Amino acid sequence: MDRHDPTRMQAIDNAWPEADALVYDAGVKARTDHLYEKVKSVVTPMEWPLHAPLIDAINRLKVERDAVILAHNYMTADIFHTVGDIMGDSLKLAQEAAKTEARVIVQAGVHFMAETAKILSPEKTVLIPDERAGCSLAASITGANVGAIREAYPDYPIVTYVNTSAEVKAYSDICCTSSNAVQVVEAIAAEWNTDTVILIPDEYLAKNVASQTGIRILTWKGSCEVHEQFTVEDIEALRAAHPEAMIITHPECPPDVLKAADFAGSTGAMAAYVKDHQPQTAILITECSMSDNVAVENPGVNFVKPCNLCPHMKRITLRGIYEALRDMKHEVHVDPLIAERAKASVDAMLALPSLGKPPAFDTSKPAVSIPYVSV
Ligand code: SF4
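Per my numbering, numbering through the sequence shown is continuous, rising by one, with the last residue being 364.
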């Protein structure tokens, strides 16, 4: 039978209500034991019987629906390591969303990520398990704001972080992620033959990028509600309590936090750093779940977890993924005209040469103060 045949999909729809019993029986146990082996260092034996029936149901539904799950590094380990097909940071998820041949994409991440998947794969059905999964950065700026910035500063290219709505991307010249922000800023400055670039909406990412490049940067007053909470005092207290630890930060943190750390980079760069250096103890200054996900792959490293949870990422649960796939619900739509313009900004980013391993921010470089664009 054709995988995309609507009668086949109806047959699946009719069969699945029975699975709602979702009990941890011998069959589920046999089919999921190998997955528990993977996550047993971060998921307790008491929790597993609650997760396993949902994991089993999701993995069976994925095959029947011809779906892939894109799992961001901030998903809990029970999602990331047991149902995720493509896992990583925003850049990797965007690149893979553009390549997948599956009919359905489930975004285990926040809404702007699902929009990016839809922009890159308009012919596919993109689902988000919880439509309330937003982002403080995405909420900080609108397309109209970017339009006004364009009017006020017509001579400067506008780079927008991918943590923005499709509309904001549509008004931009190129997108960036925390992996490639320095590369993107330098490339667009060369293309426009300018010494000044507008990098929005994250003021801390913009300041951290400004410290790495000779390009003059203007920014917007947006921030990530998770990373902005970390302070130098936090880093100093952690350093005093764990002098042997490598302190690893994300560039959405304030610049003085990066300067106090041993390493800074995107979530992909953070994970790669731990893998390559195998420190005795690692402290990841970022969203809580990232430490568990990296710990699963680095059993020899001890993780200290200063925890800031992202309330938006934590809206994505196994139950939500299961119900989204079962009912094919919470489909993400993007206006075709906006999608076309937004895609040009994302494609401009994806067309830049691959960086291979995500690069580090040099934390020894002096912090830079930069102006805000005002409209
Ligand atoms: S961690 Fe920060 S940037 Fe990421 S989704 Fe949450 S609020 Fe947005």
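All C-beta atoms in this analysis are idealised placements derived from N, C-alpha and C, irrespective of residue type, glycine included.
A quick note: this is a predicted structure, and the numbers were derived from the prediction, not measured.
> Between which two residues does the beta strand (DSSP E) carrying R205 extend?
Replying inline: For the purposes of this step, residue 205 is taken as the residue at position 216 of the sequence shown. Element bounds for R205: 205 to 207.
> With 16 other CB atoms within 10 Å as the buried threshold, where does L307 fall?
Replying inline: Within the sequence shown, numbered from 1, the residue matching residue 307 stands at position 318. L307 comes out buried.
>> Tell me whether the region 55 to 71 and the region 235 to 246 touch, counting them as touching only if at least three CB pairs, one residue from each stretch, are closer than 8 Å.
In response: no
> Based on Cα-Cα distance, which residue from A230, S200, V246, M235 lies nearest to T220?
Replying inline: What you label residue 220 is simply residue 231 of the sequence shown in a count that begins at 1. Of A230, S200, V246, M235, the residue nearest in Cα terms is V246.
> What are the start and end residues of each continuous beta strand (DSSP E) run of 3 or more residues lying completely inside the region 119 to 157, in chain order?
Replying inline: Segments of the beta strand (DSSP E) lying fully in the region 119 to 157: 147 to 150.
> Is H61 near the ligand MG, in the sense that its beta carbon is under 6 Å from a heavy atom of that ligand?
Replying inline: This structure simply doesn't include the ligand MG; it includes the ligand SF4 instead.
>> Assuming T105 and V151 are in contact, meaning their beta carbons sit under 8 Å apart, how far apart are those beta carbons, in whole angstroms?
In response: The residue given as residue 105 occupies position 116 in the sequence shown. The residue given as residue 151 occupies position 162 in the sequence shown. Their Cβ separation, rounded to whole angstroms, is 6 Å, which keeps T105 and V151 in contact under 8 Å.
> Run through DSSP, which three-state label would F292 get?
Replying inline: For this step, residue 292 is matched to residue 303 along the sequence shown. Strand, per DSSP.
> Between which two residues does the alpha helix (DSSP H) harbouring V174 extend?
Replying inline: Here residue 174 refers to the residue found at position 185 when the sequence shown is read from its first residue. Residues 170 to 181.
> For Y13, which residues from the same chain have a beta carbon less than 6 Å from its beta carbon, with the 5 sequence-adjacent residues on both sides left out?
Replying inline: As a working note, residue 13 is residue 24 in the sequence shown. Closer than 6 Å at the Cβ level, and outside the excluded window around Y13, lie P38, A41, P42.
> Given that a residue counts as buried once 16 or more other Cβ atoms are within 10 Å of its Cβ, and exposed if not, what is T166?
Replying inline: Counting from one through the sequence shown, the residue named residue 166 turns up at place 177. By the neighbour-count criterion, in which a residue is buried when 16 or more other Cβ atoms sit within 10 angstroms of its Cβ, T166 is buried.
>> Excluding the 5 residues flanking Q77 on each side, which residues of the same chain have their C-beta closer than 7 Å to its C-beta?
In response: On the sequence shown, residue 77 is found 88 positions in, with the first residue counted as 1. It should be pointed out that residue 77 corresponds to Gly in this sequence rather than to Gln. Around G77: N62, G257.
> What first and last residue would you give for the alpha helix (DSSP H) that runs through A337?
Replying inline: Indexing the sequence shown from 1 puts residue 337 at position 348. Element bounds for A337: 325 to 339.
>> I need the DSSP call for C277, collapsed to helix, strand or coil.
In response: For the purposes of this step, residue 277 is taken as the residue at position 288 of the sequence shown. Reduced to three states, the DSSP call for C277 is helix.
>> Let me confirm a value: C296 is counted as buried when at least 16 other C-beta atoms fall within 10 Å, else exposed. Which label applies?
In response: Start at 1 with the first residue of the sequence shown, and residue 296 comes out as number 307. The residue in question, C296, is exposed, as its Cβ has fewer than 16 Cβ neighbours within 10 Å.
>> Can you give me the C-alpha to C-alpha distance between P360 and V335, rounded to a whole angstrom?
In response: Within the sequence shown, residue 360 is the residue found at index 371, counting from 1. Within the sequence shown, residue 335 is the residue found at index 346, counting from 1. Their Cα atoms are separated by approximately 25 Å.
>> For the ligand SF4, is there any heavy atom lying closer than 6 Å to the beta carbon of C124?
In response: Reading the sequence shown from its first residue, position 135 is the one you call residue 124. Under cutoff, so the answer is yes.
>> Could you check if C213 belongs to the surroundings of the ligand SF4, using beta carbon to heavy atom distance under 6 Å?
In response: On the sequence shown, residue 213 is found 224 positions in, with the first residue counted as 1. Because some heavy atom of the ligand SF4 lies under 6 Å away, the Cβ of C213 counts as near it: yes.
>> For T114, list the residues DSSP reports as bridge partners.
In response: Stepping through the sequence shown from its first residue, residue 114 is reached at position 125. Looking at the DSSP assignment, T114 forms a beta bridge with V93.
> Based on the DSSP secondary-structure assignment, which residues constitute the bridge partners of T238?
Replying inline: Taking the first residue of the sequence shown as 1, we reach residue 238 at position 249. Looking at the DSSP assignment, T238 forms a beta bridge with A253, I274.
> Just to check, is the beta-carbon of H239 closer than 6 Å to a non-hydrogen atom of the ligand SF4?
Replying inline: Taking the sequence shown and counting its residues from 1, the one referred to as residue 239 is at position 250. It does not: the Cβ of H239 is nowhere closer than 6 Å to a heavy atom of the ligand SF4.
> Is it the case that the CB of E320 approaches a heavy atom of the ligand SF4 more closely than 6 Å?
Replying inline: Along the sequence shown, read from residue 1 onward, the residue named residue 320 stands at position 331. E320: no, Cβ never under 6 Å from the ligand SF4.
> Quick one: does the C-beta of H100 sit closer than 6 Å to a heavy atom of the ligand SF4?
Replying inline: Numbered from 1 along the sequence shown, position 111 holds the residue referred to as residue 100. For the ligand SF4, not one heavy atom lies less than 6 Å from the Cβ of H100.
> Just checking, does the region 79 to 86 make contact with the region 99 to 114 on the three C-beta pairs under 8 Å criterion?
Replying inline: yes
>> Can you tell me whether N48 is helix, strand or coil according to DSSP?
In response: Along the sequence shown, one-based indexing puts residue 48 at 59. Reduced to three states, the DSSP call for N48 is helix.
> With a cut-off of 8 Å, do at least 3 Cβ pairs link the region 106 to 123 to the region 280 to 292?
Replying inline: no
> Should S129 be labelled buried (16 or more other beta-carbon atoms within 10 Å of its own) or exposed?
Replying inline: The residue given as residue 129 occupies position 140 in the sequence shown. The residue in question, S129, is buried, as its Cβ has 16 or more Cβ neighbours within 10 Å.
> Can you tell me whether DSSP reads E26 as helix, strand or coil?
Replying inline: Residue numbering aside, residue 26 sits at position 37 when the sequence shown is read from its first letter. Helix, per DSSP.
> Any heavy atom of the ligand SF4 closer than 6 Å to the Cβ of N48?
Replying inline: Here residue 48 refers to the residue found at position 59 when the sequence shown is read from its first residue. It does not: the Cβ of N48 is nowhere closer than 6 Å to a heavy atom of the ligand SF4.
>> Considering only the alpha carbon of each residue, which of I47, T33, P34 lies closest to L372?
In response: Coverage of the chain is limited to positions -10 through 364, which leaves residue 372 absent and any answer about it impossible.
> Based on Cα-Cα distance, which residue from E276, K264, E329, G254 lies nearest to N169?
Replying inline: Indexing the sequence shown from 1 puts residue 169 at position 180. For the residues E276, K264, E329, G254, the minimum Cα distance to N169 belongs to G254.
>> The beta strand (DSSP E) that contains I75, what's its start and end?
In response: As a working mapping, residue 75 is identified with position 86 in the sequence shown. First-last of the beta strand (DSSP E) with I75: 75 to 77.
> Between which two residues does the beta strand (DSSP E) carrying A60 extend?
Replying inline: Here residue 60 is taken as the residue at index 71 of the sequence shown, counted from 1. Element bounds for A60: 56 to 61.
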